[in-house]
Amino acid sequence: MSTVRIAPEIHLVMDTESGTVAQEREDIIQYSLAPVYEKLDKLDLIADDLINSLAPSKPLLNTWPGREHMSYTAGFYTNAWYGIVVGFFFFAMVALYIYLRIAMGGA
-16 MSTVRIAPEI HLVMDTESGT VAQEREDIIQ YSLAPVYEKL DKLDLIADDL
34 INSLAPSKPL LNTWPGREHM SYTAGFYTNA WYGIVVGFFF FAMVALYIYL
84 RIAMGGA
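The opening residue of the sequence shown carries number -16 in this note's numbering; numbering runs sequentially from there.
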């Protein structure tokens, strides 16, 4: 928020954002909130990025363009790999059980 001194001899100032003219007073302090708004905009981008990280089809803040579906693809292949490993483990346990039953003379 910036002010322009219209008539310094009679202490008139104008607020450039709203266009109001008022008397300049010593007991009123005005602060510019522009730096606060810049930091809030940056926090808003970070909050949107946090929400976008939950959806595999949304772009993230610090990634290359065109990588929107990479987390979906990586999750698919990771889960497929874990499924194959767990499936082979159970298959090996069943095969071991069958082999031990046959080796011990069971039917």
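Note that the Cβ used here is the ideal one computed from N, Cα and C, for glycine as well.
In the structure shown, residue -3 adopts extended strand secondary structure according to DSSP, grouped into three states. Between the C-alpha atoms of residue 5 and residue 16 there is a straight-line separation of about 20 Å. Residue pairing by DSSP leaves residue 68 without any beta bridge partner.
When the alpha-carbon of residue 14 is set against those of 26, -2, 27, 40, the nearest one is in -2.
The residue among 38, 28, 66 with its C-alpha nearest the C-alpha of residue 55 is 38.
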